[in-house]
Structure formats: C-alpha cells, structure tokens
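First up is the structure itself, then whatever we jot down about it.
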C-alpha cells in the first residue's frame, strides 16, 4: 500500500509549486516508507510514497505512460487481486506491459475503458488518474471503502490525499471545524457520515464512488452496490459457496514478494483466514495475537468478553502448525501511543482500541510486510447482537449507540443549547436506511435484516476499516481484508436472514461453511470483541492524564465539554458515564482516554472552531 496526494489547478503552472507538493507528500511517509516521488506538469501535481510489496522497480510512481495517443499519469494506493486476468484482457486488445505491477494494469485499464474500468477491478484501492490530453482528473475508491481518499476544493484548485494531513499541509487548507463537524464528533464519533471529513470543506470519496474533475466542474458517481435478488441455493450449497468464495478471496490475497502473515485472535473470522492461508503457504505461516500486561491476573469475564483468547489461539497454532507470535503490550506503552494514534487518524478515534492496534501493527511489521485480517465478517454475516437481539433491533436510530443522552449532557452549556446530537444521529440513520437496496419482494423480517446489514456496511464497518487502515499504515504494514471481497459480499447479501443464524448462533451459515476447516472449539466459540486491558493501573494513568487536562485552564477541551461533567468523569475514573460511548466498548478508562485524545487533537492540530 502507499500514500497518494495531488493538486489540480487549471489557472496555474503546477511546476512552480514543487515545494508545496513535496510538503504534502512528506506527510504520508509512514504509509510508504520505501520510496517517495513527485510528478509535476502544467496543471497537475502528484505525490506518492510507496510501501513495496510487489515489483520494486516496475511499480514506481507516479507512473506516466502514452497509451493510444494520449498521456496518462496515475497515483495508486492498493492491491489488485485479479491483476493477471485484467492484464490478459488488455493484451488481447493490443496493450503491452514492461512490468508485472498492478499499477500499470490499472492505468492501462483506465486508458482502455475509461471510468467503467472499475467494474473490472477486484481489490482494495484508491487512485487518481490524470488524462493530460483531455485535462480530466479521475478519482475512485474501492467498493467497500477499505482504502481512504479525501479531497477539498479551494479558490486555487482541487486537492486530494490518502489522509487529511496531506490536505492540511497545503497553504490554502486550515484545520477548521464548524457546528456540523462538532455534531459529527459528538453525535456520531468515532463514526463519520459517509463522505464527511469532519473538518470544514474536507470530504471523503465515498466507497464505490468516483469523482471526476474537469474545467466543467466536479461530478460524483456511484459505480457499485449490492443487488437484492432471490437466493436459489439450498443450505448445503450455500455453505459450500460461502466456503469457496472466502477461500478464493483469502488465497488470492496471499500474493506478495515480501513475508505475509495473519492476525489471529482465536475467533471465527481470523481463524478462518489463518486456516486458508496456512493451507496455501509454503513455509510455516506467521500468525500474531495481542494481549495486555497482567491480563491473566485481572481479566474478568462479562457479557461482551466471556473468555480470553489463548486457549483458542493454541488450538489454531497446533492444528495448522503456524509460527505464532504472542505480543504483550504494557499499560505504559498503551497510554503513550494514544497521541500517535490521533496523528494516524487526524481525528480523535477509538482511544486505546486504536493505540493498542497501532503498537500491535508495529510488532507485526518487524516480521512481515503484509497481513490478512478478519474485518467485515460481522457486518456481512450478521454477527453483532443488534442483528438478533430484539431490544437492540428495535432501538431508535443506530443500534450500537445508546449513549446520546449522556453525550449531550457532556457538552459545554453553550454547545448544549446549539446542538441536538440525537436529532443529527437519527437523521443520518434515517437517510441511510432509506437507501437500502431492496428488491421489493422481501417480507418484513427480511427487509429489517437487509436494512440492518446496509446500515452496518455503511457505518460500523467503515469505522473499523478506517481504524485498521490508519493504524497499520502508520507502521508501514499492509493489511488485507478478504471478507471485504465484493463477490463474497454480494453473495452473502441475499442469503436468508434465518440461515445466517443456523443453530441459533451468530454467523451460523459461516460456521456451517467452515465445519470441514476449523477445530470444533474454535468453530463454535462465542463472539468476542477486540481485547482490552483489565489492568487497574491503566485506569490510574488515564485518570491522572485527564486530571491534568482539567486543571489546565488553557486546555482546548474546555471549549467543548462541561467542566462540571468533566470533573465527575475524572473523580469517578469514567464511571459517571454509565454506557459504552460506542458499540460494546469505550467506557471507564477507555472513555477517559478518548477525551484525552480529543484534547490532543484540538491542541496539536491547532483546530479553529467556528
């Protein structure tokens, strides 16, 4: 994977703006630690930082070629999993290639098929192509939104980048947040409305969308979404098809010139990918798990985390003979990484759920350059409690957010009068539900399930994919997510809802599909969320840090949060906020960590609130 950025200005010579472009590119050096290049011509400037996984020489970017009489330039971030298939089709049409990189294949695809080239691409990607002959800039993001791409328009042109920091490095862009941004942070955070960048006038290319910029203006187009059609396969055939789709997705994502690995928590999703990867890996597959200092001493089971991971990890490593690495994170490092996690996101995020992953990815990077991860399985197979618990299914608005009243009460009195967090969140929920792609033939139960699936794909899944991309790429680790394969997602979309809970078990059809593959204990393990620390010393550290913020009269957090409520949070070590901030986590010390992150973001990014 890589970092990409660019600046299009029709009324200026971009060759005079190398310094600005290099500053923008330099902000993305973590995403691409192996190489950094720029390209400038009369109206366009491109910057690229590269993490080399395949074809070190032939994949250098920005890549410029003359094809069929026109000149094209591309900056590309991603992995194309059907590279050879597309290359063969292009060769039949007269195209020739001097490298085996997927970048060249994507560039020739655009030259041959124009915007419809995306229909032929299977992978995770965000890229920009400049057609120098027609003077058009084409941006696109993959179907499920695995790879990021942000943009803004100023009086001096169109600016884009893999991360917001690249835009903020441009002299025309400042870190400003208005009322809409504050609503996003406190009514929806760490989620964001699709396409919203939180910062004023900064947007994100939505998943499965293209943006074309020309002298005529900017045009946005959706190119893909799941289609609702009748499901004709039997249960047995469905399980076999799911297994086939997932295995194919996992195996084709093992392609790499560098060492590859898998995340392994001992849960169903990561275990499935590990099993398929191990079966098709010549040497012992490297697998990695995370735990926390003294968790064996302090772990307490609850309804969200009924057991620890170690037993199930051992089952997998023994069955598939993997070279496993147990990585144990200290509470001091967990707290120290909170600030860097903010810089990785350019926004407050998921507190130590982010900082732990950031550290974990850094540990994996010491041994491998790429890893498979199990994100997206719960969203497409209906694995979360709100897919089957009636009280959550019938909750008004986002089912994973039961904290809006408490969120509102935390706001500074001035903001509390101006903002209605519940209304903002409900409107975003309603807008999403209304766009669910239905056939019109669904009964009420099937309709409700598809609405929930669509809601999760557009929101919860995006939040987790954003987290995985920013934390991994901050360390130069490429993470691939086979459950986000669009062909698998399309097939699973139409599987009947009750089949997804065969045996009255979450993701029942996936478990049935994996019966020939996984050890029985792993196969029927109850879902556990991402692990957290149970060490009381972490609570002490975060209480102390937020207390320092409370006593700092110049701390920018005071502009947004009620000081009396902040005192309550500090004095009770987060217990004054009784519900999880988001999903099933982010309460107690995690919530204290979140507000420390908010203050860090406001301060270090010099955020102007207007």
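In this note's numbering, the protein residues as written are 120 to 729. Cβ coordinates follow ideal geometry from the N, Cα and C atoms, glycine included.
{"Query": "Alpha carbon of residue 726 to alpha carbon of residue 720, nearest angstrom", "Result": "8 angstroms"}
{"Query": "Alpha carbon of residue 690 to alpha carbon of residue 454, nearest angstrom", "Result": "19 angstroms"}
{"Query": "Element boundaries [beta strand (DSSP E), containing residue 481]", "Result": "Residue 481 -> not in any beta strand (DSSP E); alpha helix (DSSP H) instead, spanning 471-484."}
{"Query": "Exposure label - residue 577; buried when at least 16 CB within 10 Å", "Result": "buried"}
{"Query": "Closest by C-alpha distance to residue 159, when choosing among 191, 148, 694, 684", "Result": "191"}
{"Query": "Burial state of residue 187, where buried means 16 or more other Cβ atoms lie within 10 Å", "Result": "exposed"}
{"Query": "Exposed unless 16 or more other CB atoms sit within 10 angstroms - verdict on residue 133", "Result": "buried"}
{"Query": "For residue 524: DSSP bridge partner residues", "Result": "Paired residues: none, contrary to the question."}
{"Query": "From 526, 163, 156, residue whose alpha carbon lies closest to that of residue 121", "Result": "156"}
{"Query": "Cβ-based burial, residue 129 [other Cβ within 10 Å; buried from 16]", "Result": "exposed"}
{"Query": "Proximal residues to residue 574 (C-beta, below 6 angstroms), its chain only, five neighbours per side dropped", "Result": "551"}
{"Query": "Status (buried if at least 16 other CB within 10 Å, exposed otherwise) for residue 422", "Result": "Its pLDDT being 49, under 50, residue 422 is placed unreliably by the model, and the measurement read from it follows with that caveat. Answer is exposed; the Cβ neighbour count stays below 16."}
{"Query": "Proximity of residue 612 and residue 354 at Cβ, strictly below 9 angstroms", "Result": "no"}
{"Query": "Residue burial classification, residue 317 (beta-carbon count within 10 angstroms, cutoff 16)", "Result": "buried"}
{"Query": "Test item: CB-CB of residue 363 and residue 614 under 9 angstroms", "Result": "no"}
{"Query": "For residue 403, the nearest candidate out of 487, 474, 323 (CA to CA)", "Result": "487"}
{"Query": "Euclidean distance between Cα positions of residue 536 and residue 131", "Result": "45 angstroms"}
{"Query": "Extent of the continuous alpha helix (DSSP H) run through residue 661", "Result": "655-670"}
{"Query": "Whole-angstrom distance between residue 198 and residue 409, CA atom to CA atom", "Result": "26 angstroms"}
{"Query": "Residue 641 to residue 649 span [Cα, whole Å]", "Result": "16 angstroms"}
{"Query": "Rounded C-alpha distance that separates residue 722 from residue 729", "Result": "15 angstroms"}
{"Query": "Those runs of the alpha helix (DSSP H) which lie wholly inside the region 369-441 and span at least 4 residues", "Result": "387-398, 414-417, 429-439"}
{"Query": "Whole-angstrom distance between residue 388 and residue 494, CA atom to CA atom", "Result": "8 angstroms"}
{"Query": "DSSP-derived helix/strand/coil call for residue 333", "Result": "strand"}
{"Query": "Identity of the residue in 559, 237, 290, 181 nearest residue 342 by Cα", "Result": "237"}
{"Query": "Cβ neighbours of residue 708 in the same chain (closer than 7 angstroms, five flanking residues each side left out)", "Result": "657, 658, 661, 692, 693"}
{"Query": "Helix, strand or coil at residue 232 [DSSP, three-state]", "Result": "helix"}
{"Query": "Check whether residue 603 and residue 568 have beta carbons under 9 angstroms apart", "Result": "no"}
{"Query": "Inter-residue Cα distance where the pair is residue 235 and residue 321", "Result": "26 angstroms"}
{"Query": "Extent of the continuous beta strand (DSSP E) to which residue 751 belongs", "Result": "Since the first residue shown for the chain is 120 and the last is 729, residue 751 is missing from the structure and cannot be characterised."}
{"Query": "Secondary structure of residue 495, DSSP reduced to three states", "Result": "coil"}
{"Query": "Beta-carbon proximity of residue 383 to residue 406, cut-off 9 angstroms", "Result": "yes"}
{"Query": "Whether residue 593 touches residue 463 by CB criterion (9 angstroms)", "Result": "yes"}
{"Query": "Element boundaries [alpha helix (DSSP H), containing residue 568]", "Result": "563-574"}
{"Query": "Sequence-distant residues of the same chain with beta carbon closer than 7 angstroms to residue 717, five excluded per side", "Result": "467, 676"}
{"Query": "Among 458, 629, 478, 392, the one whose alpha carbon lies nearest that of residue 500", "Result": "629"}
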